[in-house]
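Novice: Same order as they appear, the protein sequences are chains A and B. For what it's worth, our numbering labels the leading residue of the first sequence as 19, then goes sequentially. For what it's worth, our numbering labels the leading residue of the second sequence as 19, then goes sequentially. All C-beta atoms in this analysis are idealised placements derived from N, C-alpha and C, irrespective of residue type, glycine included. Computed from a predicted structure; not experimentally measured.
2 protein chains.
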Amino acid sequence: MQRLGPWSREAWAALALQLLRPPRAPCAGATLHFRRVQGGLVQPPGREFAEARLKTQLESDKEKSNFVIKTPKGTRDLGPQQMAIREKILTAVISCFKRHGAKGLDTPAFELKEVLTEKYGENSRLIYELKDQGGELLALRYDLTVPFARYLAMNKIKKIKRYHIGKVWRRESPSITQGRYREFCQCDFDIAGHFDPMIPDAECLKIIYEILNALQLGDFLIKVNDRRILHGMFAVCGVPDNKFHLISASVDKLGKMSWKDVRQEMVGKMALAPEVADCIGVYIQQHGGVSLVEQLLQDPKLSQNKQAQEGLRDLKLLFEYLTLFGITEKISFDLSLARGLDYYTGVIYEAVLLQTAARQGEEPLGVGSVAAGGRYDGLVGMFDPKGRKVPCVGLSVGVERIFSIVEQRMEATEKIQVTETQVLVAAAQKNFLKERMKLIAELWDAGIKAEMLYKKNPSFLTQLHYCEETGIPLVAIIGEQELKDGVIKLRSVASREEVDIKRENIVTEIQRRMSES
Amino acid sequence: MQRLGPWSREAWAALALQLLRPPRAPCAGATLHFRRVQGGLVQPPGREFAEARLKTQLESDKEKSNFVIKTPKGTRDLGPQQMAIREKILTAVISCFKRHGAKGLDTPAFELKEVLTEKYGENSRLIYELKDQGGELLALRYDLTVPFARYLAMNKIKKIKRYHIGKVWRRESPSITQGRYREFCQCDFDIAGHFDPMIPDAECLKIIYEILNALQLGDFLIKVNDRRILHGMFAVCGVPDNKFHLISASVDKLGKMSWKDVRQEMVGKMALAPEVADCIGVYIQQHGGVSLVEQLLQDPKLSQNKQAQEGLRDLKLLFEYLTLFGITEKISFDLSLARGLDYYTGVIYEAVLLQTAARQGEEPLGVGSVAAGGRYDGLVGMFDPKGRKVPCVGLSVGVERIFSIVEQRMEATEKIQVTETQVLVAAAQKNFLKERMKLIAELWDAGIKAEMLYKKNPSFLTQLHYCEETGIPLVAIIGEQELKDGVIKLRSVASREEVDIKRENIVTEIQRRMSES
Chain A
19 MQRLGPWSRE AWAALALQLL RPPRAPCAGA TLHFRRVQGG LVQPPGREFA EARLKTQLES
79 DKEKSNFVIK TPKGTRDLGP QQMAIREKIL TAVISCFKRH GAKGLDTPAF ELKEVLTEKY
139 GENSRLIYEL KDQGGELLAL RYDLTVPFAR YLAMNKIKKI KRYHIGKVWR RESPSITQGR
199 YREFCQCDFD IAGHFDPMIP DAECLKIIYE ILNALQLGDF LIKVNDRRIL HGMFAVCGVP
259 DNKFHLISAS VDKLGKMSWK DVRQEMVGKM ALAPEVADCI GVYIQQHGGV SLVEQLLQDP
319 KLSQNKQAQE GLRDLKLLFE YLTLFGITEK ISFDLSLARG LDYYTGVIYE AVLLQTAARQ
379 GEEPLGVGSV AAGGRYDGLV GMFDPKGRKV PCVGLSVGVE RIFSIVEQRM EATEKIQVTE
439 TQVLVAAAQK NFLKERMKLI AELWDAGIKA EMLYKKNPSF LTQLHYCEET GIPLVAIIGE
499 QELKDGVIKL RSVASREEVD IKRENIVTEI QRRMSES
Chain B
19 MQRLGPWSRE AWAALALQLL RPPRAPCAGA TLHFRRVQGG LVQPPGREFA EARLKTQLES
79 DKEKSNFVIK TPKGTRDLGP QQMAIREKIL TAVISCFKRH GAKGLDTPAF ELKEVLTEKY
139 GENSRLIYEL KDQGGELLAL RYDLTVPFAR YLAMNKIKKI KRYHIGKVWR RESPSITQGR
199 YREFCQCDFD IAGHFDPMIP DAECLKIIYE ILNALQLGDF LIKVNDRRIL HGMFAVCGVP
259 DNKFHLISAS VDKLGKMSWK DVRQEMVGKM ALAPEVADCI GVYIQQHGGV SLVEQLLQDP
319 KLSQNKQAQE GLRDLKLLFE YLTLFGITEK ISFDLSLARG LDYYTGVIYE AVLLQTAARQ
379 GEEPLGVGSV AAGGRYDGLV GMFDPKGRKV PCVGLSVGVE RIFSIVEQRM EATEKIQVTE
439 TQVLVAAAQK NFLKERMKLI AELWDAGIKA EMLYKKNPSF LTQLHYCEET GIPLVAIIGE
499 QELKDGVIKL RSVASREEVD IKRENIVTEI QRRMSES
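1. Can you tell me the Cα-Cα spacing of residue 115 of chain B and residue 422 of chain B, whole angstroms?
2. Exposed or buried, residue 476 of chain B, counting other C-beta atoms within 10 Å across all chains shown (16 or more means buried)?
3. Considering only the beta carbon of each residue, do residue 418 of chain A and residue 205 of chain A sit closer than 8 Å?
4. Would you please verify whether the beta carbon of residue 246 of chain B is less than 8 Å from any beta carbon of chain A?
5. In whole angstroms, give me the CA-to-CA distance for residue 439 of chain B and residue 119 of chain A.
6. Counting only beta-carbon atoms, is residue 409 of chain B nearer than 8 Å to chain A?
7. For residue 284 of chain B, which residues in the same chain have their Cβ closer than 6 Å to its Cβ, ignoring the five residues on either side in sequence?
8. Where residue 341 of chain A and residue 147 of chain A are concerned, what is the direct C-alpha to C-alpha distance, given to the nearest angstrom?
9. Could you pull out every residue in the same chain whose Cβ sits closer than 8 Å to the Cβ of residue 307 of chain A, ignoring the five residues on either side in sequence?
10. Given that residue 168 of chain A touches chain D, what residues does it touch there, using C-beta distances under 7 Å?
11. Using the rule of at least 16 other Cβ atoms within 10 Å of the residue's Cβ for burial, across every protein chain shown, is residue 221 of chain B buried or exposed?
12. Under 8 Å Cβ-Cβ, which residues of chain B neighbour residue 254 of chain A?
13. Which first and last residues belong to the alpha helix (DSSP H) in which residue 509 of chain B is found?
14. Can you tell me where the alpha helix (DSSP H) holding residue 416 of chain A begins and where it ends?
15. For the stretch 167-175 of chain A and the stretch 393-407 of chain A, state whether three or more C-beta atom pairs, one from each stretch, are separated by less than 8 Å.
16. Could you please give me the residues that DSSP links to residue 445 of chain A through a beta bridge?
17. Could you check if residue 89 of chain B is buried or exposed, using at least 16 other CB atoms within 10 Å of its CB as the buried criterion?
18. From what residue to what residue does the beta strand (DSSP E) around residue 18 of chain A run?
19. Residues of chain A with CB under 8 Å from residue 552 of chain B, in chain order?
20. How would you list, in chain order, the residues of chain A whose beta-carbon sits under 7 Å from the beta-carbon of residue 124 of chain B?
21. Under 8 Å between the Cβ atoms of residue 216 of chain B and residue 335 of chain B?
22. Within the 8 Å Cβ cut-off, does residue 439 of chain A reach chain B?
23. Compare the Cα-Cα distances from residue 414 of chain A to each of A/86, A/529, A/108, A/91 and report the closest residue.
24. Touch check for the stretch 447-455 of chain B and the stretch 429-436 of chain B: three-plus C-beta pairs under 8 Å?
25. Do residue 320 of chain A and residue 244 of chain A count as a contact pair if the criterion is CB distance below 8 Å?
26. Can you look up residue 186 of chain A in the DSSP assignment and give me helix, strand or coil?
27. Taking residue 520 of chain B as part of the alpha helix (DSSP H), name the residues at either end of that continuous run.
28. Measuring alpha carbon to alpha carbon, tell me which of B/491, B/355, B/396 ends up nearest residue 532 of chain B.
29. Rounded to a whole number of angstroms, what is the C-alpha to C-alpha distance between residue 343 of chain A and residue 506 of chain B?
30. What number of angstroms, rounded off, separates the C-alpha of residue 462 of chain A from the C-alpha of residue 91 of chain A?
31. CA-CA distance, residue 467 of chain A and residue 358 of chain A?
32. Any Cβ of chain A within less than 8 Å of the Cβ of residue 462 of chain B?
33. Can you list, in chain order, the residues of its chain whose CB lies under 8 Å from that of residue 122 of chain A, leaving out five sequence neighbours each side?
34. Of the choices B/233, B/441, B/480, whose alpha-carbon is the least far from that of residue 489 of chain B?
35. Tell me whether residue 471 of chain A is buried or exposed, calling it buried when 16 or more other Cβ atoms sit within 10 Å of its Cβ.
36. Can you list, in chain order, the residues of the stretch 198-217 of chain B whose Cβ is nearer than 8 Å to any Cβ on chain A?
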C-alpha cells in the first residue's frame, strides 16, 4: 500500500492553496506557512477564484438548509418488526453454534488499518477508514475472519472453536448495491487448530445444513470445491500463474452468466488462449457428488497435478464424513465455485437457496448465497512475527439475505409480535392510577411481563384497543367494584371471557395461565 | 463546519508535490497534472529533498517490521470467559426491558455527521469521524439517544417504548481513560410520547432498580435531580446565564471533590462571586427524600422561581409514584447531580454502587455510575423541519463498569462455564471415528449440545481430560465391547459412574439427564 505522511487532507489542501493563490504569482515554495483552511469548500485553482469560493460557500449553506434526515447510504434502521424477525434468526443461528460447543468472542468494530490491509485483495478498496484525528490509523472491520485471525495471533492461541455475531462494513459501490447493504450482520463459526483432515471441515458443512434446515428457508444446495483443485485445474489447462486471480473471478460468474459469456470474457478481456479457456470450460461445467470426485482423481490431466490430487483426495474424505453426518443429498461438488476472498487455501463452500415450486412454469432460480466459508490455513501466520501458522476452517451466515426471505414470508402469513407483554394492567373507571401502579409493580417483581398506559385516566376502550393492537393476551382490570370485593378482573383478550380473581392470587393465576399458553 | 472539496488527501498531496518538486523550480501552476503519489512518505519541501525521502522510506520500512499486533487504543477483545459474563449481564438487562414491554430497535453504527453535531456540547470533540472517501461525511455514534431521536423524527413516530443494545464510540482523551473504554456497550430503554407527568419517568427508575437488584451488584443508590431545579437554583443565586453550563459541570464534581475545592473552582477558575458560590453551596450540599422536596418548595428563594417550582412539584409527584413502586429506599434527591449531556430538560438520575462492608475499616466508597438517564423533551424537535417536539425519557445501563464488578466476583467465586456442551462423544479404542461421527450427528439432530475431538484416534484420557477442562458433564463412549453389545457407555464426569445404555435409547437418556440437572 502507498502511504502518505502524517499530514491531514486539510494540511495538504492548505499547502496546495498557498502555492496556488494568487494564481500565476511567483512561486512561494521556500517560505511556506501551513495554516488551516477557513470556511467554505476549498477549490482547485481557476479563473475568478474568489467568485468560485463564494459560490461554493453559498451552495454549502443551501445544502445545510436542505439537509434531509436519513441514515447513511447503504445502511438502515431495524424497527421493532424487523428486530423481532432478526431475533428469531439469530436465536436459531446461535443455538446451533452453541450446540456444536463454540465459545463466544467479540472484537472491536475497528482495527488498526495495518491489520486489514493486504488481506482482501481487490476488495480492500471497500474498507471504511476512520478520519485521522491524531493517534492510530483505524478502519472499520470488513469481515469477522481477519479480526479472528488477529486475535489468535495476538494471544498465541493454537486451538479454539468460536462463534462471533457482529456487524461488518463494506463500501460497496452503488452499481452493486442491489440488495447489498454497506452495514450488515455476520454470524461466524470457526475451528482453529491442527487436527486430522476434513473432520472440522465436515462439521462446518453440517452446521450450515442445520441452520438452513432450522430456518425453513426452503430447498437449498451447498456447493463445495477446493482452491487446490481450482489452481491445479488452471495449471494443467495452461493458465499463466499471474492470471489465476482474474480467471478465478471469471469462473465464479458461471451460473450468473452462461459458459459462452464466461468464455468470451476469458478470451477477450483476459486474453486467455481459446484452447485454455475451453479446457477450463470442460471442467467447470461439471458438478456432482463423490463419483465426480472419483472420476477426476482418474482424470489424465488432473492426476498429474499434485495440488489437484491433494484437493480431490481431501474432498473424497469429506464426502465420506458427510455421508456419516447424513447430509450428502444437499451437497454438490461444483468446479465453478471459486469464492472471492484471497485468504482461502483449501475447501470452499457456499450455500444457495433454490426457489422451489416456481410459479407459472418459471425455472427454479437461485436467490443467492446465504452462507459460505472455507479453509484458510495461512491467515493467522500473516500476523505472527515468525509466520507460525494456525490452520482454520469456518463459515459465515449472511443474516441480511435470510432476513429478507423470512421477513417476506412472515409478513405474508402471520402477525409479527414485537413485544412479549403478557398482561395489561387497566382501570375500569377514573382515578385508579395508584392502584394500577401498585399492581403492576407486583407483577414486574414476580417476573411477569406487564404494561400500563401512561395516562392518569385512559378510557377503558383505549386500553382494550391497545391490547388488540399489540397482541397482549390478558388484561388485569381494577375498578370500583373490584376494589370493594378485593378482586382483580382478569380478561382474556381473544375470548373476551372475564373472571374475578382474588387480589392475593392474581400473580399465581397469571403465571399459571402464561405457563399453559 | 469547514468543508473541503471532493478531492482526496492523495490528490491534494499530489498537487502540492507537483508544485514543490523540484524545489525552487519555475512555478508550474498553470499546467498541473494530478497523479497518484508513489511509494514512501510524501515529505514537505526542504533541503536535500531526495535524501529526506529516502530516510523516511527507511523509517517506514522499519516501522512496518516493528508493527505490533494489538487492538486499537481504548478497545479490547472479549474472550470466551468475558463473553460468558457479558451474556449473563445482557440477558438480565434485556429480560427486564422486555418485562416492561419495550420493542427492539437497531440503528447503524455511523450516522451522517450533521446528525451528531451540536448535540453533545463540549463532548462533540470526542466523536470519531470517518475518513472522507467520497460521498457522505459520516461519524460513529456517540450514544444511542441521538440516533433514537433521529429515528423518531425521520419516521414521524410520536409514541414508542423501545430498547436498544449496541456499541458506542468515544475518543476519550488518555488522561481520563482510567477504566474508560473508547468502544463500549450501552443498553438503552426510552419512552417517547406525550403522557401524564412523571409516570414514564417513574418506570425508568423502577427499571434501573430492577436491573441492579437482579445483577446483585451490592448496595446501590439512585440519585435524582431535575435540570429545572438546578437552573432555578442558579438563577436565584445569581449565576449569570452564560455560566450555567460551566457551573453545572462544577456542581457535578461534588462527591468526587470536597465542597471546599468545588467552591475554589467556582470562585477562581470560573470567576463566580463568592456569595453566589456560597448560595449554591447551601443548596447542593443537601440530599434526602421527599421531605427535602417539600422543604425546598417552601424555600424563600426557590419558591420565587417558576422553573424550580415546576421541577420540585414534578419531583414530589415522582416520589409519590416511586412509593407505589416500593423503591424509595434506594432513591436520593441530590441537588448536586447535574449530568454532563446537553440534551436533558427535566428529571435526571444516576445510579451509583456503594462499596459495602469495606475491609480493614475503610470508608464505604462509591465506585461510579452504572446507570443513568433523564428526560430530554427537545432533542427530537431538533431533527424535525418544523421543530415539532416529542417528549422523551430514558435510561442507559453502562455494561462496562458492571462487567468489571461481575467479572471480579465470578473469577473469585466460581468457575466460569464458557460453553454449554452437554456431552462429549468419545471412543474407548482406536478406529471409532465413523461411529463417533454417526452418533454425534444423531445427538445434534435431537438438539443435544455435543462435541467430539477432531482427531481420528484421540486417546481416551485426552478425551476425559477435555471434559474436565471445559466442564462437559457427560461422556458417551463407544468401544469394541459396546459396539458388540449394541450399547453406548454413558459416563458422568463428576461421579465417574458409567452405565450401558441401549444404542436406540441414548438420545432419550441424555435428554432425560439434562432435563433433570
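Specialist: Walking through what the data contain:
1. 22 Å
2. buried
3. no
4. no
5. 5 Å
6. Residue-level contact by beta carbon fails for residue 409 of chain B and chain A, as no gap is shorter than 8 Å.
7. 268, 290, 295
8. 45 Å
9. 337, 346, 349, 350, 351
10. The structure shown contains no chain D; the protein chains it does contain are A and B.
11. buried
12. Result: empty, since nearest Cβ-Cβ is about 31 Å, beyond 8 Å.
13. Careful: residue 509 of chain B lies outside any alpha helix (DSSP H), inside the beta strand (DSSP E) at 505-510.
14. Unbroken run through residue 416 of chain A is the beta strand (DSSP E), 410-416; no alpha helix (DSSP H).
15. yes
16. A/496
17. buried
18. Given that chain A is displayed from residue 19 to residue 535, the structure contains no residue 18 of chain A and the question cannot be resolved.
19. The shown model of chain B, from 19 to 535, leaves out residue 552 of chain B, and the question about it has no answer.
20. 95, 96, 101
21. yes
22. yes
23. A/108
24. With the cut-off at 8 Å, the stretch 447-455 of chain B and the stretch 429-436 of chain B do not touch.
25. no
26. strand
27. That residue, residue 520 of chain B, is in no alpha helix (DSSP H); its beta strand (DSSP E) goes 516-520.
28. B/491
29. 18 Å
30. Approximately 41 Å, taken between the alpha carbons.
31. 47 Å
32. yes
33. 180, 181, 182
34. B/441
35. buried
36. 201, 209, 211, 213, 214, 217
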